[in-house]
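So the protein lines, in turn, are chains Y and R.
The letter at position 94 of the first sequence is residue 100 when you use the numbering used here, and the numbering goes up by one with no holes.
The letter at position 83 of the second sequence is residue 89 when you use the numbering used here, and the numbering goes up by one with no holes.
2 protein chains.
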Amino acid sequence: MTKKGEAKAAPKARRTGGRSARVRAAVLAATVEELKIAGHHGLSIAAVAARAGVAETSIYRRWKTVEGLVAEARFALFSENIAVPDRGSLRADLIAFLSATGRFLQTPLGWAVITSSIATPSSPSYLREVHGLWNKRFLELQPIFARAVERGDWPETRDAQVAIETLIGGIYFRALVMRQKVRRSDVSAIVDLVLNHAETTDGQGGPR
Amino acid sequence: MTKKGEAKAAPKARRTGGRSARVRAAVLAATVEELKIAGHHGLSIAAVAARAGVAETSIYRRWKTVEGLVAEARFALFSENIAVPDRGSLRADLIAFLSATGRFLQTPLGWAVITSSIATPSSPSYLREVHGLWNKRFLELQPIFARAVERGDWPETRDAQVAIETLIGGIYFRALVMRQKVRRSDVSAIVDLVLNHAETTDGQGGPR
């Protein structure tokens with residue numbers, strides 16, 4: 007599949023990519039740390055650059071907007087704080103994942119990360135960034151449903167994407183909008199609401 | 007059921023209540039109008055008082071905090087913009103209600119109302135206010151499920167409260183967090199996800 011010319015160019019490209027990837031990772035890690043300390047509103051690119059040991063221009067070269075960098079750092083915090091579980095059943099996986107989501111949302115850091123994300127205006131570049139990051143996050147969560155399909159816990163014909171969106175939505179709504187505690191019993195009630203339908207054998211339809 | 011003394015006191019109490027209720031209603035309507043024009047951040051109590059034709063002190067006497075007044079006005083906007091439908095089936099009712107929710111969220115006013123609500127800090131008085139207002143809103147929505155139980159669309163044993171929270175949550179999550187359009191097909195996918203379970207006859211359980 008690789009043409010000769012490309013193969014020849016590869017070593018140089020890799021070296022460049024390697025350094026670029028290291029800078030990216032350092033800046034992202036520094037942004038995550040700064041978000042933990044300063045929150046979204048206090049975030050300074052100068053502080054991120056100093057912490058990452060790079061020039062500010064290196065940051066602006068790699069991220070088109072500060073919003074884009076911050077959005078990526080927020081998603082890194084999700085992945086860091088909300089593990090993708092493998093507990094042997096779909097119900098156990100979803101309860102573990104959504105409980106961790108609820109717990110993170112109810113920490114000052116999680117609250118700041120999500121509310122500042124919601125408060126960010128919808129510029130076209132921010133929308134592209136957020137859509138890409140959510141797609142990536144959903145890919146991380148896909149194994150939960152892939153394993154469930156293998157075990158027969160979840161009909162392959164069912165839309166796992168809608169299920170995971172709705173489940174996360176239920177947790178966010180309870181914590182952020184209703185301002186209620188997310189208890190273990192709330193999580194299992196939401197999971198059972200959605201999983202019950204998986205009991206139906208055809209996995210289609212509903213009252214029409 | 008009414009004692010003589012209470013019956014005697016009623017006319018005066020009604021008169022006082024009447025004026026107080028009129029002032030409340032005028033202030034609330036004025037706040038709704040000001041929210042429409044100025045949004046949450048530009049809201050001035052002086053402007054609300056002028057529009058309602060009352061003294062500012064009349065507002066502070068009736069609402070403990072400005073947040074409380076604004077929260078109540080936001081819920082008035084929900085009720086004004088998101089009707090409680092009666093379309094003859096649970097699926098049709100939920101699709102109509104959630105479509106209206108999605109449409110309102112995607113207007114500049116709806117977006118401002120919800121995001122400023124999420125941005126309001128969780129003071130104890132604000133929490134009490136929001137919990138009370140959501141309880142009231144859920145009471146308004148209850149007929150949807152009460153009629154569904156009568157028709158046999160929804161098993162009485164199922165938790166309608168968890169269902170409505172999760173459904174609204176799915177719409178909010180899509181619009182506010184994922185920053186995706188809420189299309190009619192998204193609404194029906196979320197509704198079908200939740201309604202399928204209602205097909206099960208026992209309405210209990212799920213994979214455990």
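The C-beta atom is built at its ideal place from N, Cα and C for all residues, glycine as well.
It should be emphasised that the depicted structure is a prediction, and the values quoted were computed from it without experimental measurement.
Answer with buried or exposed for residue i, where buried requires no fewer than 16 other C-beta atoms within 10 angstroms of its C-beta.
i	result
R/S194	buried
Y/G176	buried
R/A13	Any reading at R/A13 must be qualified, since the residue scores a pLDDT of 44, below 50, and its modelled position is unreliable; the value itself is stated next. R/A13 comes out exposed.
Y/R190	exposed
R/R214	Annotation note: pLDDT 34 at R/R214 (below 50); position unreliable, no value reported.
R/V197	buried
R/R30	buried
Y/A61	exposed
R/A27	exposed
Y/A55	buried
Y/D92	exposed
Y/T63	exposed
R/V200	buried
Y/T207	Note that Y/T207 scores 37 on pLDDT, short of 50, meaning its location in the model is unreliable and no value can be drawn from it.
Y/R164	buried
R/V129	Reading off the sequence, residue 129 of chain R comes out as Ser, not Val. The residue is exposed, with fewer than 16 neighbouring Cβ atoms inside 10 Å.
R/T8	Because R/T8 carries a pLDDT of 41, less than 50, the predicted location of this residue cannot be relied on, and no value is offered for it.
Y/A15	Model confidence at Y/A15 stands at a pLDDT of 44, short of 50, so the residue's coordinates are unreliable; what they give is reported in the following sentence. Looking at its Cβ environment, which holds fewer than 16 other Cβ atoms inside 10 Å, Y/A15 is exposed.
R/G211	At R/G211, the pLDDT of 38 sits below 50, so the modelled position is not reliable; the number obtained from the coordinates is stated separately. When all chains shown are included, R/G211 counts as exposed.
Y/K18	Confidence is the limiting factor: at Y/K18 the pLDDT is only 46, short of 50, which leaves the residue's position unreliable, though a coordinate-based value still follows. With fewer than 16 other Cβ atoms within 10 Å, it is exposed.
Identify which residue in the options has its Cα closest to the Cα of residue i.
i	options	result
Y/S85	Y/R164, Y/A166, Y/A35, Y/R28	Y/A35
Y/L3	Y/W160, Y/I170, Y/Y132, Y/A58	In the structure as shown, chain Y begins at 7 and stops at 214. Residue 3 of chain Y is therefore absent and cannot be evaluated.
Y/R109	Y/I43, Y/D198, Y/I174	Y/I174
R/A143	R/S50, R/A82, R/D99	Checking the sequence shown, residue 143 of chain R turns out to be Arg, not Ala. Here the closest residue by C-alpha is R/A82.
R/A1	R/D159, R/I120, R/S95	Chain R is shown only over 7 to 214; residue 1 of chain R falls outside these bounds and no answer can be derived.
R/R153	R/M184, R/R97, R/S122	R/R97
R/I51	R/G24, R/R25, R/A79	R/A79
Y/R185	R/T63, R/Q112, R/S131	R/S131
R/A89	R/V38, R/I150, R/Q112, R/L182	R/I150
R/P161	Y/Y66, Y/N202, Y/W160	Y/N202
Y/V33	Y/G48, Y/I43, Y/Y66	Y/Y66
Y/L111	R/I124, R/L104, R/S105	R/I124
Y/W117	Y/L199, Y/V183, Y/V200, Y/A58	Y/V183
Y/K42	Y/S64, Y/G24, Y/A106, Y/T113	Y/T113
R/E156	R/L100, R/S95, R/S64, R/P127	R/S95
Y/W140	R/F179, R/P127, R/V168	R/F179
R/P127	Y/A181, Y/G48, Y/R25, Y/G24	Y/A181
R/L4	R/S105, R/A166, R/D99	This structure cannot speak to residue 4 of chain R, because chain R is shown only from 7 to 214.
R/L231	R/D192, R/A44, R/G24, R/V188	Chain R is shown from 7 up to 214; residue 231 of chain R falls before or after that span and cannot be answered.
R/R68	R/N87, R/R25, R/A102, R/S105	R/R25
Y/D215	Y/L49, Y/L104, Y/G59	Since the displayed chain Y opens at 7 and closes at 214, residue 215 of chain Y lies outside it and no answer follows.
R/V188	R/I101, R/V168, R/N87	R/I101
Y/N87	Y/V38, Y/A53, Y/G59, Y/R57	Y/V38
R/D159	R/A53, R/G59, R/D99, R/E40	R/D99
R/Y48	R/V168, R/S122, R/T172	Sequence inspection shows Gly at residue 48 of chain R; the Tyr mentioned does not correspond to that position. R/G48 has its Cα closest to that of R/S122, out of R/V168, R/S122, R/T172.
Are the C-beta of residue i and some C-beta of chain B separated by less than 9 Å?
i	result
R/W69	No chain B is present in this structure, whose protein chains are Y and R.
- Query: Does the count of Cβ pairs from the segment 133-145 of chain R and the segment 70-87 of chain R closer than 8 Å reach three?
  - Reply: Segments in contact, yes.
**Study point:** Under 8 Å (Cβ pairs) to chain R, residues found in the segment 173-184 of chain Y
**Key:** Flagged, chain order: L173, I174, G175, G176, I177, Y178, F179, R180, L182, V183, M184.
Beta carbons nearer than 7 Å to chain Y: which residues of the segment 156-175 of chain R have them?
Cβ proximity to chain Y below 7 Å picks out D159, D165, V168, A169, E171, T172, I174, G175 from the segment 156-175 of chain R.
With 7 Å as the limit, tell me which residues of the segment 125-136 of chain Y have their beta carbon closer than that to any beta carbon of chain R; keep them in chain order.
-> Per Cβ criterion, the list reads A125, S128, L133, V136.
Practice item. Quick one: which residues of the segment 74-86 of chain Y get their C-beta closer than 9 Å to a C-beta of chain R? List them in chain order. Key: Taking a C-beta cut-off of 9 Å against chain R, none of the residues of the segment 74-86 of chain Y qualify.
What residue ranges within the segment 39-125 of chain R form continuous alpha helix (DSSP H) runs of no fewer than 4 residues, ordered along the chain?
For the segment 39-125 of chain R, whole alpha helix (DSSP H) runs of length 4 or above, ordered along the chain, are 51-58, 62-68, 72-87, 96-111, 114-125.
- Message: Using a Cβ-Cβ cutoff of 9 Å, what residues of the segment 184-198 of chain R are near chain Y? List them in chain order.
- Response: With the criterion set as a beta carbon lying under 9 Å from some beta carbon of chain Y, the members of the segment 184-198 of chain R are M184, R185, Q186, D192, A195, I196, V197, D198, in sequence order.
Exercise. Taking a Cβ distance cut-off of 9 Å, strictly less, list which residues of the segment 106-120 of chain R are near chain Y, in chain order.
Key: So the list reads W117, I120, given in the order they occur along the chain.
query: Between the segment 25-47 of chain R and chain Y, which residues of the former have a C-beta closer than 7 Å to a C-beta of the latter?
result: So the list is empty, because no residue satisfies the distance condition.
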